[in-house]
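Read top to bottom, the protein sequences are chains H, D and V. Using the working numbering, the letters of the first sequence map in sequence onto residues 1355 to 1798. Using the working numbering, the letters of the second sequence map in sequence onto residues 16 to 177. Using the working numbering, the letters of the third sequence map in sequence onto residues 263 to 519. For glycine and all other residues, C-beta sits at the position ideal for the given N, C-alpha and C. Please read all numbers here as calculations on a predicted model, not as lab measurements. See structure below.
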Amino acid sequence: MMDMAYTVHGEAWTLKELFVLPNEYVYWSIQIVMYPFMTGLVAGAFVLSSLYHVFGIKRLKEIARFSLVFSLALLPVAMMPLLLHLSQPLRGFHVMMTPHFTSAIAAFGIVFLTYGSIVVSELWFVYRKHFVLTVMELKAKRDRTSLENLRLNFNKILTLGAMDISEEALEKDHKATKYLAAIGIPVACFLHGYAGFIFGSVKANALWMTPLMPVIFIMSAVVSGIALCILCYVVTQEIRKFMAKRKMSRWGKDPKAPSLEQLQGAEQGGVAIASNYLLYFMIGAVTLEVLDIIFRGYTQVKSWDILGTVIMERKFVSLWIMQFGIGNILPFIMMVMPGRTVRRTVIACILVLFGVFMMRWNIVIGGQAFSLSFAGFMHYQLPIIPQDWETFREGLFGALLVAITPFVLFWGINKVMPVFLDDKGIPSSVGSVPNGAKASPAVD
Amino acid sequence: MKNHVWRPLFVVIAIVAGILTFRFFYVPNDFGSGKYGFMYSYHRASNVGEWKAIEPKYRDTGRQHLHEYCLDCHAGTISIRSEDMHGMISCENCHGPALDHPNEPQKLLIDRSRDLCLRCHTHLPYTTSERKRIPGINPQEHNPGMSCVDCHDPHNPRLEDM
Amino acid sequence: MKRRDFLKNSIMVIAGASVPLSALQMVDPKEILAQNPDIHWAFLIDTHTCVGCGFCVKACKIENDVPLEANVSRTWVERYVFTKDDRRYIDSPNAALHGYTDPRIDQGIAGMVDIDPENVGKAFFVPKLCNQCLTPPCTQVCPVGATYKTDDGVVLVDKKWCIGCGYCVMACPYAARFFHPVTHVPDKCTFCYHRIHQGLETACVNACPFEARKLCNIRDVNDPVTRIIMTDRVGILKDEFGTRPQAFYIGLATEVR
């Protein structure tokens, strides 16, 4: 027992300076940075899609459906960093078994399930017609391959047996979508607001403990969600244009595929209005964040001794330069300057995403940059090359795994629920289904 | 015609029912709140017993009966003078935890290292601490490399008896 | 004292009171304990008498299966050295597992600091352990009910139910919790629950030659340690968090946080 070298959880990436209590380490590291970042994207994407469904902002129609599908792709990923973070991941479901509701984390299972149900149901209403048509089309085929049989059965399950696609039925779908989106907004805000509560309610941590935290989290969540949706939307459109130009995939065989001219500039309106909402939420988020710091600096309670050093000296670059400078002010200027183009908006969105990521970083890592004794500092060193499972899951590659997964999922979901569904291309009578009339996935 | 709009809800209800059924069988029956209420003492009751069941390793019976456990057998061979400072030290501090001695282990591993003595007898210039009452040496100057027990008897540390 | 004497007292009181009614009834200590749940464990630490030998840390780690060389500990001792020119130095190398055998102060990556013996103003040692708070934030934030306060006032961790989220570790203002390198769930001081329930002292109390550490049942006014807490001027750590610690300190300085 005596001679074995034990590395304690947290020791691999924590450096201690001056007096840090023996049991103190950076226990919450990169995955806890990723967790609010990813849930923020989920919540933000959903709010963006709801702007169309609930408030009827027509110009957001295309991007709304995109965001909705994307928020489904992000949904499992919001859970991933938590599972990677848990030291007993196989027991993670205990949170549903014996939820201890005085803990902010306990609500996770239930809120997550509620939110997931809403997103999936809403998607079902949006795509039910598509599922039904797919089933009909495949049924009409005489000799189906085994793969097509599989697809048929899968789509049959997806319809849940609701095969009616009459006008009234579709109208009901539409209405249900609207209601779900309306319920979804508060739930999405709750999903993320409570992530802020997880931090804001830790009274032991002088940096985290502020009632502004949940509000800041919701604001920045919407900011990051919109930014990511704009970014991905434009990128996907660009890929479609690229493929249309080269006559790749469906553009090679399907005469009904949107032409390059149709695609050109199709995203402009949606992007413009979405980035306006981005600006509003960004102003809110930055105002609250700066207000929090000003308040702490002005009131100068006991913790300010060390917090001031952390905010103004030790984390100066990552907070003031990277988060506020590059992540907030620069993209803000880029977007309010006259003559805003889609390209400039996209660059601004990338910066905004970086800024929100840095904000999560500065809260999570910054909150553990000082000792509870207020007499020392901790330095976090992100493990790059994994030495073992622990430095993988709590290291750069674990974070990258989390960051890449939603795109892989999006690609997969897109096969079942094509984002760029062309309504006009769907015939009303199944008898005369032309080859490929069902809009095929955009990216394949 | 049935309204198809409720079908996703049925699916959700089925999932929730599934989870609750699993929960019913999975969660131990003794899960509940203790004296300090749901906020502070929501737990699996049998866990208290699991903690209680751990076998103590140090067998001394407390400050009031110091050495009692060991002296039951060793009183004849060892005399620890209670008036000396070392009389306040539990035997197991140097001799190691008794565990199930004399059955298992049959012999205890005695820590005779210099470092053990230096825990108290390193001179530290702290006049406001009780440390000042303990005779202290500078380990770099006082017979470096030698074991303390070569000259000093830990059971009778008085210098005049050396 | 402790439970042993407490039991004896209880037996006498209860036996005495019940003689006319059930003179023939056998008195089982366990039964009395069950009838009398009025035990609430508390701790008293005298910072004046602590010399920083670290025997408590060693005994604790061995008793509770915390690997000796792992840089975490259920209990630890801090050293405070204030110089005459008002510089403050604090350290706790290896949680004071090997005591303090070096006059230099360990400042982590800032290196070891030599202090001129002539310049030492005041210096003292402070043992720390879990405060077994009355309103423990760690149990409040556990999402699954895997850490809890027992009826006799000790905060325990259910190692089999814990998911290892670390929220309790973050919620403790005293850094009393850590991830156990073998079980991979948070571990913390239990007041040696397996010992005290059978009338033994905690391992650290046993090991302390200077009686700087004492355990008591704070509900028992006849307990000499309880009497000290009731009559002497004792302090608690980080009062501002409202956690109502049950570890009391004699000779606490404001610099000790």
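Inter-residue distance for E145(D) and V416(V) is about 30 angstroms (C-alpha atoms, whole angstroms). In terms of Cβ geometry, D308(V) and R475(V) form a close pair [threshold 9 angstroms]. Contact of H58(D) with chain V is assigned, a C-beta pair being separated by under 9 angstroms. Per DSSP, A1366(H) is not a residue of any beta strand (DSSP E), being assigned neither H nor E.
Residue pairing by DSSP puts C478(V) in a beta bridge opposite A304(V). Within its own chain, the residues whose Cβ lies closer than 6 angstroms to the Cβ of C404(V), once the five positions on either side in sequence are excluded, are C430, listed in chain order. Residue nearest to I1719(H) within the set M1433(H), V1664(H) and K1495(H) is V1664(H) (criterion: CA-CA distance).
Annotated three-state conformation of P1692(H) is coil, per DSSP. Of all alpha-carbon atoms in G1547(H), L1512(H) and V1569(H), the one lying nearest the alpha-carbon of D1646(H) is that of V1569(H). Spatial neighbours of G151(D) in its own chain (CB-CB distance under 7 angstroms, excluding positions within 5 residues in sequence) are listed in chain order as H136, T137, H138 and L139. For L499(V), the closest of V1773(H), L1438(H) and A1558(H) by C-alpha to C-alpha distance is A1558(H).
Beta-bridge analysis with DSSP links D368(V) to M374(V). Counting along the chain, M1451(H) sits inside the alpha helix (DSSP H) bounded by residues H1448 to M1451.
Counting along the chain, no alpha helix (DSSP H) covers S48(D); the unbroken beta strand (DSSP E) around it starts and ends at F46 to G49.
Residue-level contact check: N1716(H) does not touch chain V, since none of the beta carbons of chain V fall below 9 angstroms from its beta carbon. If the five residues before and after I1539(H) are omitted, its C-beta is found closer than 8 angstroms to the C-beta atoms of F1400, V1401, S1404 and V1408, all from its own chain and listed in chain order. The shortest CA-to-CA distance from C109(D) to any of V164(D), S48(D), M177(D) and F25(D) is the one to V164(D). According to the DSSP assignment, E340(V) belongs to the beta strand (DSSP E) that extends over W338 to T345. Setting aside the 5 residues that flank it on each side, V1756(H) is surrounded in the same chain by Q1385, M1388, M1392, V1431, M1434, P1435 and L1438, each with a C-beta closer than 8 angstroms to its C-beta; the list follows chain order.
Beta-carbon to beta-carbon, L306(V) and I458(V) are separated by about 14 angstroms, too far to satisfy the 8 angstroms threshold. Sorting E463(V), V447(V) and V339(V) by C-alpha distance to the C-alpha of R78(D) places E463(V) at the top.
Straight-line spacing of the CA atoms in F1635(H) and L1477(H) works out to 25 angstroms. Shown here, G1554(H) sits in a helix according to DSSP, grouped into three states.
Membership of P159(D) in any alpha helix (DSSP H) is not indicated, and neither H nor E is assigned to it by DSSP.
Annotated three-state conformation of I1738(H) is coil, per DSSP. Taking CB atoms only, N333(V) has a neighbour in chain H less than 9 angstroms away.
Using beta-carbon distances, L124(D) does not count as an interface residue toward chain V, since no partner is under 9 angstroms.
In this structure, the CA atom of Y1533(H) is about 11 angstroms from the CA atom of S1475(H). In the DSSP annotation of this structure, L139(D) is not part of any beta strand (DSSP E), being labelled neither H nor E. T1759(H) carries a helical assignment under DSSP once its states are collapsed to helix, strand and coil. No Cβ of chain D is located within less than 9 angstroms of the beta carbon of W1367(H).
The shortest CA-to-CA distance from Q1735(H) to any of P1376(H), D1608(H) and Y1381(H) is the one to Y1381(H).
Under the DSSP definition of a beta bridge, N171(D) partners with D168(D). Using a Cβ-Cβ cut-off of 9 angstroms, I352(V) is close to L1372, F1373, S1727, A1729 and G1730 of chain H, given in chain order.
Legend: CB atoms of the region 110-144 of chain D lying less than 7 angstroms from CB atoms of chain V belong to residues P112, D130, L133, R134, C135, T137, L139, P140, Y141, T143 and S144. Under the DSSP assignment, I1570(H) falls in the alpha helix (DSSP H) whose first and last residues are L1566 to R1600.
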